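Position one of the sequence shown corresponds to residue 270 (our numbering), numbered consecutively onward.
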Amino acid sequence: MIRTARRRHATSGVMIGLTYLAAILATLPLLLILLHLVKQGASSLSPSFFTNTPRPVGEAGGGMANAIVGTLVLIGIAVAIGLPVGIGAGLYLSEKKTTPLAHSVRFLSDVLNGLPSIVIGIFAWEFLVRPVGHFSALAGGVALGAMMIPLVTRTTEEMLGVVPTSLREAALALGYSQWRTSVSIVLRTAPQLSVFRTSVRSLRTVPIDVILKVGMARG
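In structure tokens, the structure reads:
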């Protein structure tokens with residue numbers, strides 16, 4: 270019995286060591302590439318890199334100011350389109366859970382969440398790029414906003430789902446209308462409850478949630 274337990278313990282230790290070794294071998298090339306990029310690129314970082322535009326091919330210098338500004342414009346358009354629609358749809362799904370329209374919106378949101386981004390890109394190209402004959406930040410922002418809508422919708426519904434029903438009933442009993450209860454009470458309370466629930470989770474699950482949310486946001 271004791272000999273068997275020792276053999277199992279030794280075997281477990283060897284396998285765990287091999288697992289760590291395999292993880293190190295898998296990540297070592299990535300770490301070496303990252304260190305090389307940091308070493309070679311750190312000397313090129315300067316204030317002019319963020320304020321100047323790219324120079325023609327073959328000329329030294331230049332910067333990424335146009336890319337930075339373009340990214341901010343693109344994200345701004347996407348947020349202006351995706352957040353209001355997504356939050357409004359999520360609020361409706363939370364308040365009207367059993368209506369036929371809510372079931373349809375929920376189903377379409379789940380379908381769009383699994384839709385490849387290339388399909389939305391083709392849609393934006395067909396209706397926003399092809400008619401005008403050139404690409405634009407508006408077309409990209411609309412495409413990105415369309416990808417944000419289903420994700421924001423389902424996330425908002427889940428966040429609002431943690432708000433107790435008694436809180437809604439208390440607001441209605443005090444004379445608040447339903448729309449005012451949803452906007453003034455439910456929307457303000459949901460983020461606080463979500464933060465509290467996240468803070469009491471195991472530390473082992475928090476990094477996983479963060480990685481998943483970042484991956485979903487990047488599309």
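By construction, the Cβ of each residue, glycine as well, lies at the ideal position given by its N, Cα and C atoms.
Because the structure is a prediction, the values reported are computed rather than measured.
C-alpha distance - residue i paired with residue j, whole-angstrom precision
{"i": "I285", "j": "R272", "result": "20 Å"}
{"i": "V348", "j": "L397", "result": "18 Å"}
{"i": "V421", "j": "L436", "result": "23 Å"}
{"i": "R275", "j": "V283", "result": "12 Å"}
{"i": "I350", "j": "Y361", "result": "17 Å"}
{"i": "V307", "j": "A358", "result": "43 Å"}
{"i": "L297", "j": "P385", "result": "31 Å"}
{"i": "S315", "j": "T322", "result": "13 Å"}
{"i": "I454", "j": "L443", "result": "12 Å"}
{"i": "T288", "j": "L300", "result": "18 Å"}
{"i": "D379", "j": "P419", "result": "7 Å"}
{"i": "L381", "j": "I389", "result": "9 Å"}
{"i": "P476", "j": "M417", "result": "Its pLDDT being 43, under 50, P476 is placed unreliably in this model, and the coordinates cannot settle the point."}
{"i": "G484", "j": "R423", "result": "Model confidence at G484 stands at a pLDDT of 46, short of 50, so the residue's coordinates are unreliable; what they give is reported in the following sentence. Each residue's alpha carbon lies about 16 Å from the other."}
{"i": "H372", "j": "S363", "result": "11 Å"}
{"i": "T450", "j": "K365", "result": "14 Å"}
{"i": "N335", "j": "A279", "result": "59 Å"}
{"i": "F392", "j": "A291", "result": "43 Å"}
{"i": "A440", "j": "I346", "result": "35 Å"}
{"i": "V431", "j": "I387", "result": "34 Å"}
{"i": "L352", "j": "R324", "result": "36 Å"}
{"i": "A329", "j": "A408", "result": "32 Å"}
{"i": "L303", "j": "Q309", "result": "10 Å"}
{"i": "R487", "j": "R457", "result": "Since pLDDT at R487 reaches only 46, below the 50 mark, its modelled position is unreliable, and no value is offered."}
{"i": "G383", "j": "V374", "result": "14 Å"}
{"i": "H403", "j": "I344", "result": "19 Å"}
{"i": "P433", "j": "Y445", "result": "16 Å"}
{"i": "V452", "j": "I356", "result": "11 Å"}
{"i": "T320", "j": "T367", "result": "53 Å"}
{"i": "S281", "j": "I293", "result": "18 Å"}
{"i": "P400", "j": "V326", "result": "31 Å"}
{"i": "Q447", "j": "W394", "result": "40 Å"}
{"i": "L377", "j": "P369", "result": "12 Å"}
Cβ separation of residue i and residue j, assumed to be a contact under 8 Å, to the nearest whole Å
{"i": "A406", "j": "V342", "result": "5 Å"}
{"i": "G332", "j": "F318", "result": "5 Å"}
Run of the alpha helix (DSSP H) containing residue i, from where it starts to where it stops
{"i": "L299", "result": "I271 to G310"}
{"i": "M445", "result": "Residue identity differs from the one stated: residue 445 is Tyr in this sequence, not Met. Note, Y445: premise wrong, no alpha helix (DSSP H); not H, not E."}
{"i": "I454", "result": "Premise fails: I454 is in no alpha helix (DSSP H) and is neither H nor E."}
{"i": "G359", "result": "A334 to E364"}
{"i": "T320", "result": "P316 to T320"}
4-residue-minimum alpha helix (DSSP H) runs that sit fully inside the stretch 370–440, ordered along the chain: Runs of the alpha helix (DSSP H) inside the stretch 370–440: 386–393 and 406–429.
Hey, is the stretch 406–414 in contact with the stretch 426–435, meaning 3+ C-beta pairs nearer than 8 Å? no
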